[in-house]
Each structure stands twice: as C-alpha cells, then as structure tokens.
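Here's the structure we're looking at; comments come further down.
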Amino acid sequence: MNELYVELAIPGTADKLYTYSVPAELMPAARRGARVIASFGKRTVIGFIVETSAESQTAAERGRSIPHIKPIQDVLDVEPILSEQLLNLTSWIAEYYLAPLGEVLKAVLVQGAVRPGKRIVSLEAPSLQAAMQQVAHAPRQAEILRELSQRGPATIQQLKKHLGARAIYSPLNELARRGFVRILEEQPKPQLKSKTEAVIEVTPESRQIFEQHLALLEASSRRSPGQAAILRALTSTINLPSAIAVTDLLKQSGSALSALRALARKRILTITSREVIRKTEFDLYPSSLGTIEITLNDYQRNAFECIRQSLEENKFQTFLLHGVTGSGKTQVYIESMHEALARKRSAILLVPEISLTPQIVRRFKYHFGENVIVLHSRMSIGERYDAWRAAWERESSIVIGPRSAIFAPLRNVGLIVVDEEQEPSYKQADQAPRYHARDVAIVRAAAAHAVVILGSATPSLETYTNAVNNKYSLLELPERIDTAKLPEVKIVDMLAERQRKLEEFREAERQRKKEADGQPHTKKPPERDILSDTLRRKISDRLEKNEGIILLQNRRGFASYVECPDCGWVEMCENCNISLTYHATKKHLRCHYCGLVRSPAETCPQCRSAEIRYHGVGTQRVEEELARSFPKARLLRMDLDTTTRRGSHDAILKKFSEGEADILLGTQMIAKGLDFSRVTLVGVISADTQMLLPDFRASERTFQLLTQVAGRAGRSALRGEVIIQTGQPDNPTLRYIAAHDYIGFYRDEIEHRKELCYPPFSRIILIEFRGKQDEEVMHHASEFMENLTERRQSIQVLGPASAALSKLKGVYRWHIILKSLKTDDPGGHILHKVCHEAVHLYRNSRAGKSRSVKMIIDVDPASMM
40 MNELYVELAI
50 PGTADKLYTY
60 SVPAELMPAA
70 RRGARVIASF
80 GKRTVIGFIV
90 ETSAESQTAA
100 ERGRSIPHIK
110 PIQDVLDVEP
120 ILSEQLLNLT
130 SWIAEYYLAP
140 LGEVLKAVLV
150 QGAVRPGKRI
160 VSLEAPSLQA
170 AMQQVAHAPR
180 QAEILRELSQ
190 RGPATIQQLK
200 KHLGARAIYS
210 PLNELARRGF
220 VRILEEQPKP
230 QLKSKTEAVI
240 EVTPESRQIF
250 EQHLALLEAS
260 SRRSPGQAAI
270 LRALTSTINL
280 PSAIAVTDLL
290 KQSGSALSAL
300 RALARKRILT
310 ITSREVIRKT
320 EFDLYPSSLG
330 TIEITLNDYQ
340 RNAFECIRQS
350 LEENKFQTFL
360 LHGVTGSGKT
370 QVYIESMHEA
380 LARKRSAILL
390 VPEISLTPQI
400 VRRFKYHFGE
410 NVIVLHSRMS
420 IGERYDAWRA
430 AWERESSIVI
440 GPRSAIFAPL
450 RNVGLIVVDE
460 EQEPSYKQAD
470 QAPRYHARDV
480 AIVRAAAAHA
490 VVILGSATPS
500 LETYTNAVNN
510 KYSLLELPER
520 IDTAKLPEVK
530 IVDMLAERQR
540 KLEEFREAER
550 QRKKEADGQP
560 HTKKPPERDI
570 LSDTLRRKIS
580 DRLEKNEGII
590 LLQNRRGFAS
600 YVECPDCGWV
610 EMCENCNISL
620 TYHATKKHLR
630 CHYCGLVRSP
640 AETCPQCRSA
650 EIRYHGVGTQ
660 RVEEELARSF
670 PKARLLRMDL
680 DTTTRRGSHD
690 AILKKFSEGE
700 ADILLGTQMI
710 AKGLDFSRVT
720 LVGVISADTQ
730 MLLPDFRASE
740 RTFQLLTQVA
750 GRAGRSALRG
760 EVIIQTGQPD
770 NPTLRYIAAH
780 DYIGFYRDEI
790 EHRKELCYPP
800 FSRIILIEFR
810 GKQDEEVMHH
820 ASEFMENLTE
830 RRQSIQVLGP
840 ASAALSKLKG
850 VYRWHIILKS
860 LKTDDPGGHI
870 LHKVCHEAVH
880 LYRNSRAGKS
890 RSVKMIIDVD
900 PASMM
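Position in the sequence shown counted from 1, then plus 39, gives you the working numbering.
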C-alpha cells in the first residue's frame, strides 16, 4: 500500500471522525485501536484509529485533495490499547445510544489514557555493535541506540530533544519488539502513573561486597553502627537473588536513611526502584465473609449444567437465573467462573452498588485468589490504572465492579454475569454515553461467543418477557438453600394505627374532661409515629434474642421538607424545583440534587410565623427515634451521608456482620446482595416513598426494592420476619410482595404496560432540553418537534412538556418522548432513524448551534423524571 489514511475519533470533539494521512515510517504501527498523536487546530491531541483505508478510497469518499489532509505525528502503542472487540463495541454504543464516539472511548478507557505520558527508555541489547549492524538500514533506530549507549536511560521527551526528532514512537516500538530497548510502563501525567518503591538488590556478588565492608567496619576504630546494621541485615538475606525494600531494610536494621545514603555514596550498594501494585480497600479489612463451602442443590446443579454446556461449546447464550432471595445464585456464578477459567477464558461480574463490592469481592477472592481484579469509581486513579493494566495483561482473570467494569480490557471473555440485573444503576444517566451495562454486556458477549448470566429475584419486566419469549433461557431457583424459609411478611396500615390512637386520645380526653369538671385541656393530640407498635415489639424481641435487625428508609436526612403551617410556605431550593431536606446532625438544609446548603429559617419569611414544622421522615430522624426508644441498642446508619469516606461501606458492613451492632439502618444500599445469617427481622419504615413517583416504572421499582430488602431476613435456620409500614395497605404491589409472588406481579403489571404501550411492548427515546431561561428551552424543544413533523412514520411523539422535575441545578428542563411499538418497528430501526435525522437537522439549524440550550438524548431511559 503506497498511501495509508486513518479515521480518528478524538475525545471531547463533535460527533464525527477526522481523516489523517500516515507517514511511511508509521504505517506498520498504525492499526485500529491504537492511540496516535495528531495536530487538531492549534492543539496537539491524542486520537484513536477507528478505521484505516487506502488513499484512493479516502480521497474519493471525502472529496478532499491530499494536501489538505494532515499527517499524524506519531503512534503511541506497540499493541493497540483497544482490542478489535472493544473497538467494535464502542462503535455499537455510539450508534445505538446516539452518542459521540469520542465520548464513548473516554468512558471505555481508564482515566488518563488519552493524555501523553512519560516513558523511560533503556538499552537492553546484549551487544551494542551487533544491534547497530541489524538496524543499519534504519538510521533513526541507530541514532536512538547510540544516544542511549552514551547517555543511559532517558525519557521519550529527552530523546526527541537530543535527536531533534518529532516522530520517535514508531522506531522505538520496533526496537522494543526486537528486544534492543526496554520501554517502561507509560506513566500518563499528571494523575496516572505506576507506583514504585526504593529497593536494594541482593545478589551473590553484592552479598560478598556487603560482607567485606561489614568486616572492615567492625575492625575499624571509627565505627558506623547504622551502616554496619544495614550491611548485617543485607548479609542475612537467605533467598538469592532477591531485593529488599528500603523501608523494610531500615525497619529491620533500626538504622536511619542517612546511613543508607552514606553506603550508596560509597558505592557499596545501589538503590533502585521497582513497581508496586497498589492495595485497594478490599485488602484493608481481613474477614471470613463468604468463605463457607457450599454444595449445590438440585436446582443449582441443573442451572450450572446448562451454563457449563454453553461454555463447553463456546456458544453465545443469555441465561436469566431467576431465583428467590437466598436461593444461592452467587454460588452458581462461582461454579460457572471456575468452568470459564478452566477453559482459559476470562469473566466479568457486574454488581449494581459499590456498597456490595467488598462483601462479594471477599467471597470471590476466597475461591479465585489473585485472579480477582476490582474496578470501580471510588478507587483512586492509581488503583484503577493498576487494575486496568492487570486485566489487559493477564491471560484469564475475573473483573468485578459496577457498570463501567463491562469495559474491562480482558482478552478472552467467556462469561459475563450481571447480578441484580433489574437495578436502574446499570443505566448511566448523568453523562454521555447513556448506556445500559446489561445490554452492553449482551452485545459484548455475542461478539466474544461468551455466556451471559442475568441474575435476579425480581427481574425487570423487559428481561422476564425475553425469557418468556425464549429469547433468553430461563433457569429457576425456586427454593432457598439449606432448607431456609422465605420470611413471613406483614403489612402494617399506618393510617389505621394513627386513627386508632387518635380515637384513644379523644376518648381519654372525654374522660379527663368529666373528671376535671370541664376544665380546659392543654394536652396535644399524638404526633405521627415513625415506628408502628408492631415494629417496636418485633425490634424489642430481636434485641432480647441478640439477633440482627435491618431497617430500610429510602430517604436521607432528618425531614424531607420544612413548612409553615399558617401560610403553607415551604423551604425550596433556589436552583431546583424541589423542597430542601433538613439534616439534623449539621443543622442545615440541603438539596440532594445540586448540593445547595443553607441554614433553616427561624420564622416564616412570608407571614412571620414562628411555627415552623419539619415534615417527612429521613434516616437521621429514624436514627434519633431508635436511640430514644431503644437506648441500649447498638445502631449503624448507612446512607450517602455516612459513606463518603474511603472504605466506609466495608467498615459498616464488617461491624454489623461480626455482631458489633444490633440494628443496621439505611437507604436502598442495604437492600441488595447482603448476606447476614444473624438477621431475622427487616423493617420498612415507609413503603410509599417510591411507590407514588410519576414514572411508569414506579410499581416495578417498589416491588423490586421491597422484595430485595425483605430477602435479607431469615437466610439461615432462623425464620425471618418482615414488617412493611404503609399508608396504602390495599395496594396490589404490596400484596404480591407479602405473598412472594413475582409471577403474579408480572402478569398484573405487564397488562398495564401493554395498555399504555410502554416497554417491553415499545422502545423509547427521551429527548431533553436544558437551559437557564424557561421560555428559551421551550422554544428549542418546539424547534426540534418541527423536524419530526414529516418523519414520524410509525412512531408516537409525546410533548414537548416540562419535566416532572422541571428545574434542577439552576436549569429548566423540557422533555420530548419518542416511542415506537415493537409490532410496527421490531428492531427499533425506524425510531433510531427518525431520531437521528431530527437530531442532525436540529444541530445544523440556528437554534441547534446555540450554546445556551443543551440537548440530551437518552435511549431506553431508566427514569422519565
């Protein structure tokens, strides 16, 4: 090929590819998935090669002359940093989710991989003369060898400067391939680099030197006790050759760093460095969680056998592992991963919450040891970098993490497990690309001929429908392991209980009036109880028995809103169209969307009334009530306010699992995946929190959340109980929860979805417009609608309308919903085409070029709020 052109995706740029030519010396390294350095306007950027093509094809298709196409400056990678499979996956994500390819690449790669970094190059050729002869035909390679032989190890930037060369990566990569030079791991700056520690190499030759100088020191009248102690420690090293860390050596010898440096200045020893793999929070708390060996029951064995057969055949297949809570789904995952690793294939385990990661990681590390790699956003950048490289380099491993772990650079993926597949946290909703990790997992597995296991006690309606229609293979685990029984669920009507207490109060008042001969009364009616009498009795009973208790209140803070009862004024966030939450610990009001914090008003700013009241119940208020009602109980609270520090999730769960607390109170992060055999009581403070949201998935989310938290009770020989407090005791969703009847709930809910043409009977794209001026945002939404008028075909269009949360973080929000029925548009191609055309027309219009209003495209939205 005389000419070569590449199509580059450049992170952070518009949704398009850019054509560059490839100089002849860089052609061997210019492959799909490699990073290159290129001039982009007035900047020098790093781009990714998405496609390569001959000059005639590129010039003809682009209609551009060769002189106007810039050349790339260099190729950064010896081996492409993105495999063919991952590169194809990013292209699918960009196309399906209508997202810029550059933004998708940023999401796939570990942070820092798109920045030029520092590499140290050292000479490795056994014979410089022989190496020079072999590269005589390549002057630049010869110059590099000569420079390294004269100056020693150097950074790539130093080599560029000394040689006066702009393009140096390609000849360096060729020298590295032939073993003439060594390029140490890239250390992207300023955040991303390998961690090193200072060490002293101990070899048979150096040990003789240490012994000789130790003898001289001990015979000398001017003794140096610190230096002698260091040499004595070095000569006692048994395993040779070896290296000892400087920190360990100084601790072992009891000497100061100055004594070590003195020996280095005398050239008695040499201090070098070696890379150290960073320890993560999962190494900080030793625990026996999950280390019990389990024998599969008949249902588990049948499920595993079906999965094993697909693994044996290298056959892509998606399984829905539908098992009641406590049925042993995790053990099926473990056995399946043993099978995958035995076949030299890798595995990915996705978990919905970071809070679940420590417990499940320990269980998998017990079975798979150092093969387990953890990837999640709360790790430091350095830890993620080490984990990313480990996944990229190893032949077969297990990667565990939340949704972004689906992009782990494993080379031979054979199994992908999505635990609690129904969880909305698998959908990235806060930034592009707005992908769903479950669906991405299936696409990645299909390309790799891998097996997918979707595990859940409460599958999403879309997933269960796919299983019913035989698109997925359904595997059932209908019983709990070890003969454990599902907990008994009791629904408590909080309105009826309050009414009963009011009647009792009124009767007591009537009796008091008779006895007081009509004297005026001063006693107030009882306030609304946070804990029902039933739940109080159950908590007292479990505390006496020393059994564990989990309480769910899916709302943070102390009070959900502050109100003046005289005029109805409510403390509102000035940036968002929602009420502020009162936090008692810091005595301030906080917005949980934009983070606004301010002090609560002492008097109403409208009517000057001092009767300010705090309504609603958050975890802080429940904690206060528990402390008052059960002063001897040991209580732990787990929500976003108590888990901000590194390792805080794990520390709280470890304390509770080891019996250092009686009650674990928290938001939905305590509802899923946790396995504590001592827990026999679960209480739901308010089941209505999520049930009344204006979203078509509200009932489904409620069923899933409450079923999951109920499943934390009775996971051993001790029978569990669940108390659900509600103001809607006749709600059908709660009845299905109490009966542990997923199938009944599914049949009921699927009929409602069908009537309203919601998923799984349709596909939805949500178009959101955001801006600081409400009228301007509405105008942009209307402009977009005009582009849809002639192109609707088989789709339904709803809107534009103000979003349910019409103002967030200081911006107004308007929604347009595009919907296509699967009967008319089975693959969603019409819907995507119509949306893509409308987006293209809008972005090329005068309104679309305005920067004051932002358009967001959310394909298959998890929330309509």
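All C-beta atoms in this analysis are idealised placements derived from N, C-alpha and C, irrespective of residue type, glycine included.
> What distance in whole Å lies between the Cβ atoms of Ala303 and Ile310, which are believed to be in contact at a cut-off of 8 Å?
Replying inline: 5 Å
> Curious, which full-length beta strand (DSSP E) runs of at least 3 residues does the region 809 to 876 contain?
Replying inline: 834 to 847 and 850 to 860
>> Cutting at 6 Å between CB atoms, please list the residues of its own chain near Lys872, excluding the five before and the five after it.
In response: none
> Are the Cβ atoms of Asp897 and Ile804 separated by less than 9 Å?
Replying inline: yes
> Hey, how far is the Cα of Thr330 from the Cα of Leu713?
Replying inline: Because the pLDDT at Thr330 is just 47, under 50, the model does not fix this residue reliably, and the value given afterwards should be weighed accordingly. Distance between the alpha carbons of Thr330 and Leu713: 14 Å.
>> Please report the distance separating the alpha-carbon of Leu380 from that of Gln370.
In response: One C-alpha to the other measures close to 15 Å.
> How would you write the range of the beta strand (DSSP E) that Glu46 sits in, first residue to last?
Replying inline: In this chain, the beta strand (DSSP E) harbouring Glu46 covers Tyr44 to Ala48.
>> Measuring only the C-alpha atoms, how far is Gly102 from Ile111?
In response: At Gly102 the pLDDT is 48, less than 50, meaning the model places this residue with poor confidence; the figure from the coordinates comes in the next sentence. Their Cα atoms are separated by approximately 20 Å.
> Rounded to whole angstroms, how far is the Cβ of Gly367 from the Cβ of Leu516, which I believe are closer than 8 Å?
Replying inline: 6 Å
> Smallest Cα separation from Phe784: which of Glu662, Lys848 and Ser499?
Replying inline: Ser499
> Span of the alpha helix (DSSP H) holding Leu493?
Replying inline: DSSP places Leu493 outside any alpha helix (DSSP H); the residue lies instead in the beta strand (DSSP E), whose first and last residues are Val490 to Ser495.
> Can you name, in chain order, every residue of its own chain whose Cβ lies under 7 Å from the Cβ of Ala901, other than the five neighbours on each side?
Replying inline: Pro463, Lys466 and Ala468
>> In this structure, how does DSSP classify Leu513 when only helix, strand and coil are distinguished?
In response: strand
> From this set, Cys606, Glu163 and Glu663, which residue's C-alpha is nearest His622's C-alpha?
Replying inline: Glu663
>> What ranges does the alpha helix (DSSP H) occupy inside the region 706 to 750, keeping only unbroken runs of at least 4 residues that lie completely in it?
In response: 727 to 730 and 737 to 749
>> Can you tell me where the beta strand (DSSP E) holding Ala386 begins and where it ends?
In response: Ser385 to Leu389
> Beta-carbon separation of Val723 and Ile762 under 9 Å?
Replying inline: yes
>> Distance check for Glu392 and Leu335, CA to CA, integer angstroms please.
In response: 26 Å
>> Can you look up Gln356 in the DSSP assignment and give me helix, strand or coil?
In response: strand
> By Cβ distance below 6 Å, which residues in the same chain neighbour Ala73 in space, the five residues on each side in sequence not counted?
Replying inline: Ile88, Val114, Asp116 and Pro119
>> Report the CB separation of Leu493 from Thr357 in whole angstroms; it is logged as a contact under 8 Å.
In response: 7 Å
> Would you call the CB atoms of Tyr474 and Ile85 closer than 9 Å?
Replying inline: no
>> Do Phe446 and Leu582 have their beta-carbon atoms positioned less than 9 Å apart in this structure?
In response: no
> Can you tell me the Cα-Cα spacing of Lys145 and Asn410, whole angstroms?
Replying inline: Looking at the two C-alpha atoms, the distance is approximately 26 Å.
> If you run the structure through DSSP and keep just helix, strand and coil, what is Arg882?
Replying inline: helix
> By how many angstroms is the C-alpha of Thr83 removed from the C-alpha of Val482?
Replying inline: 34 Å
> Do the region 435 to 454 and the region 872 to 883 meet, that is, are 3 or more Cβ pairs less than 8 Å apart?
Replying inline: no
> For the beta strand (DSSP E) that Leu675 lies in, which residues bound it at each end?
Replying inline: Leu674 to Met677
> What is the residue span of the beta strand (DSSP E) that Arg519 lies within?
Replying inline: No beta strand (DSSP E) holds Arg519; DSSP gives it neither H nor E.
> Given His252, which residues of its chain have a CB within under 7 Å of its CB, disregarding the five upstream and five downstream residues?
Replying inline: Leu270 and Ile307
> The alpha helix (DSSP H) spanning Tyr135 covers which residue range?
Replying inline: Per DSSP, the unbroken alpha helix (DSSP H) holding Tyr135 starts and ends at Glu123 to Tyr135.
> Cα-Cα, which of Ala749, Pro178, Leu125 and Leu296 is closest to Glu64?
Replying inline: Pro178
>> Spatial neighbours of Val721 within its chain, please: C-beta separation below 8 Å, excluding the five flanking residues on both sides.
In response: Result list for Val721: Pro526, Ile588, Ile589, Leu590, Leu591, Val748, Ala749, Arg751, Ala752, Gly759, Glu760, Val761 and Ile762, in chain order.
>> To the nearest angstrom, how far is the alpha carbon of Ser326 from that of Arg401?
In response: Residue confidence for Ser326 is low, a pLDDT of 42 falling below 50, so the modelled location carries little weight and cannot support an answer.
> Who are the Cβ neighbours of Arg885 in its own chain at under 8 Å, not counting the five residues just before and after it?
Replying inline: none
> Hey, would you say Val238 sits closer than 9 Å to Glu163, going by beta carbons?
Replying inline: no
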